[in-house]
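Asker: Right, I'll just put the structure down here and ask away after.
Protein chains: 2
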Amino acid sequence: MSTEDRVRLARIALGCLVEPGRKDVFELVAMDGPEAALNRLCAGDAAASEAVQSRLAGEDPWNLARRQLAITERVGARVLTPEDDEWPGVRLDDLARISRPTLSGGTAIDRDTFPPHCLWVRGALPLGTTVARSVAVVGARASTPYGDHVAAELSYGLARKGYAVVSGGAFGIDAAAHRGALAAGGPTIAVLACGVDRAYPLGHAGLLEQIAETGLVLSEWPAGSEPLRFRFLIRNRVIAALTQGTVMVEAAARSGSRQTLHRALQLGRAAMAVPGQVTSATSVGCHEELRKPEVLPVANIAHVLEEVGRIGADLAPPVLGPERPEDQLDEVEQRLMDAVPAHRPMLCGDIARIAGIPVRVALAKLPALVTRGLLEERGGAYRLPAARAGRR
Amino acid sequence: MSTEDRVRLARIALGCLVEPGRKDVFELVAMDGPEAALNRLCAGDAAASEAVQSRLAGEDPWNLARRQLAITERVGARVLTPEDDEWPGVRLDDLARISRPTLSGGTAIDRDTFPPHCLWVRGALPLGTTVARSVAVVGARASTPYGDHVAAELSYGLARKGYAVVSGGAFGIDAAAHRGALAAGGPTIAVLACGVDRAYPLGHAGLLEQIAETGLVLSEWPAGSEPLRFRFLIRNRVIAALTQGTVMVEAAARSGSRQTLHRALQLGRAAMAVPGQVTSATSVGCHEELRKPEVLPVANIAHVLEEVGRIGADLAPPVLGPERPEDQLDEVEQRLMDAVPAHRPMLCGDIARIAGIPVRVALAKLPALVTRGLLEERGGAYRLPAARAGRR
Chain E
847 MSTEDRVRLA
857 RIALGCLVEP
867 GRKDVFELVA
877 MDGPEAALNR
887 LCAGDAAASE
897 AVQSRLAGED
907 PWNLARRQLA
917 ITERVGARVL
927 TPEDDEWPGV
937 RLDDLARISR
947 PTLSGGTAID
957 RDTFPPHCLW
967 VRGALPLGTT
977 VARSVAVVGA
987 RASTPYGDHV
997 AAELSYGLAR
1007 KGYAVVSGGA
1017 FGIDAAAHRG
1027 ALAAGGPTIA
1037 VLACGVDRAY
1047 PLGHAGLLEQ
1057 IAETGLVLSE
1067 WPAGSEPLRF
1077 RFLIRNRVIA
1087 ALTQGTVMVE
1097 AAARSGSRQT
1107 LHRALQLGRA
1117 AMAVPGQVTS
1127 ATSVGCHEEL
1137 RKPEVLPVAN
1147 IAHVLEEVGR
1157 IGADLAPPVL
1167 GPERPEDQLD
1177 EVEQRLMDAV
1187 PAHRPMLCGD
1197 IARIAGIPVR
1207 VALAKLPALV
1217 TRGLLEERGG
1227 AYRLPAARAG
1237 RR
Chain W
847 MSTEDRVRLA
857 RIALGCLVEP
867 GRKDVFELVA
877 MDGPEAALNR
887 LCAGDAAASE
897 AVQSRLAGED
907 PWNLARRQLA
917 ITERVGARVL
927 TPEDDEWPGV
937 RLDDLARISR
947 PTLSGGTAID
957 RDTFPPHCLW
967 VRGALPLGTT
977 VARSVAVVGA
987 RASTPYGDHV
997 AAELSYGLAR
1007 KGYAVVSGGA
1017 FGIDAAAHRG
1027 ALAAGGPTIA
1037 VLACGVDRAY
1047 PLGHAGLLEQ
1057 IAETGLVLSE
1067 WPAGSEPLRF
1077 RFLIRNRVIA
1087 ALTQGTVMVE
1097 AAARSGSRQT
1107 LHRALQLGRA
1117 AMAVPGQVTS
1127 ATSVGCHEEL
1137 RKPEVLPVAN
1147 IAHVLEEVGR
1157 IGADLAPPVL
1167 GPERPEDQLD
1177 EVEQRLMDAV
1187 PAHRPMLCGD
1197 IARIAGIPVR
1207 VALAKLPALV
1217 TRGLLEERGG
1227 AYRLPAARAG
1237 RR
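So the protein sequences, as listed, match chains E and W.
Here my numbering runs 846 ahead of the position in the first sequence, where the first position is 1.
Here my numbering runs 846 ahead of the position in the second sequence, where the first position is 1.
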């Protein structure tokens, strides 16, 4: 067996033997590598060993990994590990940075936020490039027709603009989001809290099939895994991490989707919520989140694109093109630039008059625009550089 | 005629002869006093003189003021000037600070934001103390049942908490706000863009009567003045200035109430907007405003009170009591303080354990709390100072 094969099998075994996200296991793997970490865990030499051994039940871990690989193949899925080209490390690695130490008041959920060891995937698209432009659309299972409508509209619009819509495959807002993206013919990704071969919820068997055909169904848990209650909260961090931003469409006061939004915030992704009527219980969670200055209200697709584009420019591959010098202009500078005609020079006084800016201010601002290469000056007259004039 | 009488009559004449808010007239009055300013304006010696003389039409300005006083009395109103005890100078004076110079792109509305020369008032309550605790509730004339419901609920709640509800007396949200406050038996104030003797809109003749009976109807324009279109935007700055904060309940994209909210922002007052369905045209203005980080979404009366209280602590007579040292505590410090029992000293390790804070952190934080007078320390044990313990 090659070293690559052994690393891969070790990661699969880890994915099967420990719940995802654990800080101690992640640090063990980071320090010793997947193989040695697996061996230590199985040898009873680590904090998680007891849990690992109880799951292993005497089986050889390498054997278990091979058996899981065979099952994965049989259900028409594949396993991705960080060694794969399509592994979205640029996104998932951020999960190693948001862990909060657990005080007696905290919970393991806030400590064990680390990246998955591997991902089980159904669907032909390469994961990494698919999520490069992606937005999570999440919300209440017990949604209203209003929420379903907005989730479908936003997701349709995002898909039309070339964004993959990521959600959790649940009833309500999740389903409306997936269906909106499917209706636009765009890729959509369902991130499950159970094996990718499980139809959960059962009523979504057809929807999940359809998603796998044109998009991706993925999970941190091996094929066959149960949708245990606590796994949904663990799973949410992956929805937030994979995407450039999360839109919460409807959420009651106590809603799991609020946690997804918190993860997006912690990860420095765009965190957005859709307003609704303040008399609607399914919008209470949205309005509470919107009271945080860092959560932006989004009322339409343009709002979402603006926010995702902004964050994208900082943290992700550029989405709206590379930053240009004129992106840095203040309002007055922008007005001065707009006043300069495309193909002839103009004197400062005329530029000021057209821009509606005092000449004194124009006199102070225009030379700086020359220094920054945005204008050329000759004999007191300003003009656009040839390259820039051509863009008008 | 006493000096006081002459100042008062001069201000009334100014209120009759120039549109409110003008920067040049305000500065003339500030420099020369009301009498001399009036004389200069009437003598043709100022920028506003032409307009003044055309309104004066040859009449003696002092005569005009006396005539207006008689009219005011006849319609059951009174005139307030800055010399009156009930003049809310602490609020209105802020209007002298938000004027923006007019570029060719700007409008006089943004330059001429200065305080009124006088106010015409109907109703028995003293204006100054009535607006000391007050909130503006404004919004679309073409409101929906949802908006009317929320405006009435919020205003009812505010009135029950002892806040005067200030609005513009218009159809729609304004009317719902006034009626909500009236239903709670609380004072409400209608700030009109015409004379206080005018029933405008006509359909609100009864409502305005009712407001004058238990609250106040007020205006910067003399009795008999027409509700000219441009006066509504001039008037809005007074609604924003009189109150601790402005709540915009429903507003289409182009709505005058957005300008009231902008004034509140410029004045450093709490600026709040009520979310609604993103599919509702009458909430578009609210959602656009909510995209500004300084505009807070409010979904219920508690949200409004929280925001008004916060601003109140800064700019207005304290509403939620004076600021206390413990208001400055961070989360960890608060937890440590909470863990210290009321009437006996406790060791650092026990405080840390109860608070669920690492001992290392508690060791670093507790001495600083002693320095700030929040705790006392003796022999490594911490206790509350006697005064503080009594408050538990």
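Yeah, the Cβ is synthetic: ideal placement off N, Cα and C, and Gly gets one too.
In this text the structure is predicted, and so the values were computed from the model without any measurement.
1) Can you pull the chain E neighbours of residue 992 of chain W, defined as C-beta to C-beta under 8 Å?
2) Listing by chain order, which chain W residues have their CB less than 8 Å from the CB of residue 995 of chain E?
3) Quick one: residues in its chain with C-beta nearer than 8 Å to the C-beta of residue 956 of chain W, no 5 flanking neighbours on either side, listed in chain order?
4) Is the beta carbon of residue 1046 of chain W sitting closer than 7 Å to the one on residue 1073 of chain W?
5) From the beta carbon of residue 1137 of chain W, is the nearest beta carbon of chain E less than 7 Å away?
6) What three-state label does DSSP hand residue 1144 of chain E in the structure shown?
7) Suppose contacts are defined by Cβ-Cβ distances below 7 Å. Is residue 1003 of chain E in contact with residue 1062 of chain E by that definition?
8) Quick check on residue 1161 of chain E - is its C-beta less than 7 Å from some C-beta in chain W?
9) In whole angstroms, what is the alpha-carbon distance linking residue 910 of chain W and residue 1117 of chain W?
10) Which residue wins for smallest C-alpha separation from residue 1122 of chain E, given the options E:1113, E:878 and E:1145?
11) With distances taken from CA atoms, which of E:1129, E:1037 and E:1109 is nearest residue 942 of chain E?
12) Given a threshold of 16 other Cβ atoms within 10 Å of its Cβ, counted over all protein chains shown, does residue 1076 of chain W qualify as buried or as exposed?
13) My output table needs one value for residue 966 of chain E: the three-state DSSP class, helix, strand or coil.
14) So the candidates are E:1056, E:1212, E:891 and E:873; which of them puts its Cα closest to the Cα of residue 1029 of chain E?
15) Identify, in the order they occur along the chain, each residue of the same chain with its Cβ nearer than 6 Å to the Cβ of residue 1242 of chain W, setting aside the five sequence neighbours on each side.
16) Less than 7 Å between the beta carbons of residue 1194 of chain W and residue 1175 of chain W, yes or no?
17) Looking only at its chain, what residues have a beta carbon closer than 6 Å to the beta carbon of residue 997 of chain E, apart from the 5 residues adjacent to it on each side?
18) Does the beta carbon of residue 1108 of chain W come closer than 7 Å to any beta carbon on chain E?
19) Nearest chain E C-beta to residue 1120 of chain W closer than 7 Å, yes or no?
20) By how many angstroms is the C-alpha of residue 884 of chain W removed from the C-alpha of residue 860 of chain W?
21) Starting from residue 1051 of chain W and walking both ways along the alpha helix (DSSP H), at which residues does that stretch end?
22) Could you say which of W:915, W:888, W:994 and W:856 lies nearest to residue 1120 of chain W if we only look at CA atoms?
23) For residue 965 of chain W and residue 1064 of chain W, which I take to be in contact (beta-carbon distance under 8 Å), what is that distance rounded to the nearest angstrom?
24) Quick one: measure Cβ to Cβ for residue 1011 of chain E and residue 981 of chain E, integer angstroms, because I've assumed they're closer than 8 Å.
25) Run down chain W in chain order and give the residues with a C-beta less than 8 Å from the C-beta of residue 909 of chain E.
26) Would you give the residue range spanned by the beta strand (DSSP E) that residue 1224 of chain W belongs to?
27) With residue 972 of chain E and residue 932 of chain E assumed to form a contact (beta carbons below 8 Å), what rounded beta-carbon distance in angstroms separates them?
28) In chain E, which residues lie with their C-beta within 8 Å of the C-beta of residue 1142 of chain W?
29) Any Cβ of chain E within less than 7 Å of the Cβ of residue 963 of chain W?
30) For residue 1145 of chain W, would you say it is in contact with chain E, using Cβ-to-Cβ distances shorter than 7 Å as the test?
31) Alpha carbon to alpha carbon, how far is residue 975 of chain E from residue 935 of chain E?
32) For residue 1226 of chain W, does the count of other Cβ atoms within 10 angstroms reach 16, so buried, or fall short, so exposed?
33) Between residue 1233 of chain E and residue 1217 of chain E, what straight-line distance do the alpha-carbon atoms span, to the nearest angstrom?
34) Is it true that the CB of residue 987 of chain W sits closer than 7 Å to the CB of residue 1017 of chain W?
35) Excluding the 5 residues preceding and the 5 following residue 1131 of chain W in the sequence, name in chain order all residues of the same chain whose CB lies nearer than 6 Å to its CB.
36) Roughly how far, in whole angstroms, is the beta-carbon of residue 892 of chain E from the beta-carbon of residue 886 of chain E, given that I think they are within contact range, below 8 Å?
Answerer: Looking at the atomic coordinates:
1) Within the second sequence, numbered from 1, the residue matching residue 992 of chain W stands at position 146. Residues of chain E passing the Cβ test: 1123 and 1125.
2) Numbered from its first residue, the first sequence carries residue 995 of chain E at position 149. In chain order: 1125.
3) Counting from 1 along the second sequence, the entry for residue 956 of chain W is found at position 110. Same-chain partners within the cutoff: 945, 946 and 948.
4) Counting from one through the second sequence, the residue named residue 1046 of chain W turns up at place 200. Counting from one through the second sequence, the residue named residue 1073 of chain W turns up at place 227. Taking 7 Å as the Cβ cut-off, residue 1046 of chain W and residue 1073 of chain W qualify as a contacting pair.
5) For this step, residue 1137 of chain W is matched to residue 291 along the second sequence. With 7 Å as the cut-off, residue 1137 of chain W counts as an interface residue toward chain E.
6) For this step, residue 1144 of chain E is matched to residue 298 along the first sequence. For residue 1144 of chain E, the secondary structure class from DSSP, reduced to helix, strand or coil, is coil.
7) Position 157 of the first sequence, counting from 1, holds the residue named residue 1003 of chain E. Position 216 of the first sequence, counting from 1, holds the residue named residue 1062 of chain E. By the CB criterion at 7 Å, residue 1003 of chain E and residue 1062 of chain E fall outside the cutoff.
8) The residue labelled residue 1161 of chain E in the question sits at position 315 within the first sequence. Caution applies to residue 1161 of chain E, whose pLDDT of 37 falls short of 50 and renders its modelled position unreliable; the value that the coordinates give is listed next. With 7 Å as the cut-off, residue 1161 of chain E does not count as an interface residue toward chain W.
9) Numbered from 1 along the second sequence, position 64 holds the residue referred to as residue 910 of chain W. Numbered from 1 along the second sequence, position 271 holds the residue referred to as residue 1117 of chain W. Residue 910 of chain W and residue 1117 of chain W: Cα-Cα distance of roughly 39 Å.
10) By one-based count along the first sequence, residue 1122 of chain E stands at place 276. Closest option to residue 1122 of chain E, Cα to Cα, is E:1145.
11) Within the first sequence, residue 942 of chain E is the residue found at index 96, counting from 1. The residue with the shortest Cα to Cα distance from residue 942 of chain E is E:1109.
12) Translated into positions along the second sequence, residue 1076 of chain W becomes position 230. Residue 1076 of chain W comes out exposed.
13) Walking along the first sequence from the start, residue 966 of chain E turns up at place 120. In the structure shown, residue 966 of chain E sits in a strand (DSSP, three-state: E or B).
14) Here residue 1029 of chain E is taken as the residue at index 183 of the first sequence, counted from 1. Nearest of E:1056, E:1212, E:891 and E:873 to residue 1029 of chain E, Cα basis: E:1056.
15) Examination of residue 1242 of chain W is not possible in this model, given that chain W is present from 847 through 1238 alone.
16) Taking the first residue of the second sequence as 1, we reach residue 1194 of chain W at position 348. Taking the first residue of the second sequence as 1, we reach residue 1175 of chain W at position 329. Residue 1175 of chain W sits away from residue 1194 of chain W, with the two beta carbons spaced by 7 Å or more.
17) If you number the first sequence from 1, residue 997 of chain E lands on position 151. So the qualifying residues of the chain are 983, 1019, 1022, 1023 and 1095.
18) Your numbering for residue 1108 of chain W matches position 262 in the second sequence. False, the Cβ-Cβ gap to chain E never drops below 7 Å.
19) Translated into positions along the second sequence, residue 1120 of chain W becomes position 274. Taking Cβ atoms only, chain E reaches closer than 7 Å to residue 1120 of chain W, which makes this a yes.
20) On the second sequence, position 14 is the one that residue 860 of chain W refers to. On the second sequence, position 38 is the one that residue 884 of chain W refers to. Spanning the two alpha carbons is a distance of roughly 7 Å.
21) Numbered from its first residue, the second sequence carries residue 1051 of chain W at position 205. Residues 1051 to 1060.
22) Taking the second sequence and counting its residues from 1, the one referred to as residue 1120 of chain W is at position 274. Closest by alpha carbon: W:994.
23) To locate residue 965 of chain W, count along the second sequence from 1; it is residue 119. To locate residue 1064 of chain W, count along the second sequence from 1; it is residue 218. Contact flag correct, Cβ pair sits at about 5 Å.
24) Translated into positions along the first sequence, residue 1011 of chain E becomes position 165. Translated into positions along the first sequence, residue 981 of chain E becomes position 135. About 6 Å separates the beta carbons of residue 1011 of chain E and residue 981 of chain E, which is inside the 8 Å limit, making them a contact pair.
25) Within the first sequence, numbered from 1, the residue matching residue 909 of chain E stands at position 63. Going along chain W, no residue has its Cβ under 8 Å from residue 909 of chain E, so there is no contact; the nearest lies around 42 Å.
26) As a position in the second sequence, residue 1224 of chain W is number 378, starting the count at 1. Element bounds for residue 1224 of chain W: 1222 to 1224.
27) Taking the first sequence and counting its residues from 1, one reaches residue 972 of chain E at position 126. Taking the first sequence and counting its residues from 1, one reaches residue 932 of chain E at position 86. Confirmed, Cβ separation roughly 4 Å.
28) Sequence index remark: in the second sequence, residue 1142 of chain W carries index 296 (1-based). Neighbours of residue 1142 of chain W on chain E, chain order: 1137.
29) Stepping through the second sequence from its first residue, residue 963 of chain W is reached at position 117. Not one chain E Cβ lies under 7 Å of residue 963 of chain W.
30) Within the second sequence, the letter at position 299 stands for residue 1145 of chain W. Yes, residue 1145 of chain W counts as interfacial toward chain E.
31) For the purposes of this step, residue 975 of chain E is identified with residue 129 of the first sequence, where counting begins at 1. For the purposes of this step, residue 935 of chain E is identified with residue 89 of the first sequence, where counting begins at 1. In a straight line, the C-alpha of residue 975 of chain E is about 11 Å away from that of residue 935 of chain E.
32) Start at 1 with the first residue of the second sequence, and residue 1226 of chain W comes out as number 380. Classification of residue 1226 of chain W: exposed, given that the 10 Å Cβ count is below 16.
33) Position 387 of the first sequence, counted from the start, is the residue given in the question as residue 1233 of chain E. Position 371 of the first sequence, counted from the start, is the residue given in the question as residue 1217 of chain E. For residue 1233 of chain E and residue 1217 of chain E, the gap between their C-alpha atoms comes out near 16 Å.
34) To locate residue 1017 of chain W, count along the second sequence from 1; it is residue 171. To locate residue 987 of chain W, count along the second sequence from 1; it is residue 141. Yes.
35) In the second sequence, residue 1131 of chain W corresponds to position 285, counting from 1. Cβ neighbours of residue 1131 of chain W beyond the five flanking positions: 1097, 1098, 1099, 1101 and 1104.
36) One-based indexing of the first sequence puts residue 892 of chain E at position 46. One-based indexing of the first sequence puts residue 886 of chain E at position 40. So it is a contact: roughly 5 Å between Cβ atoms.
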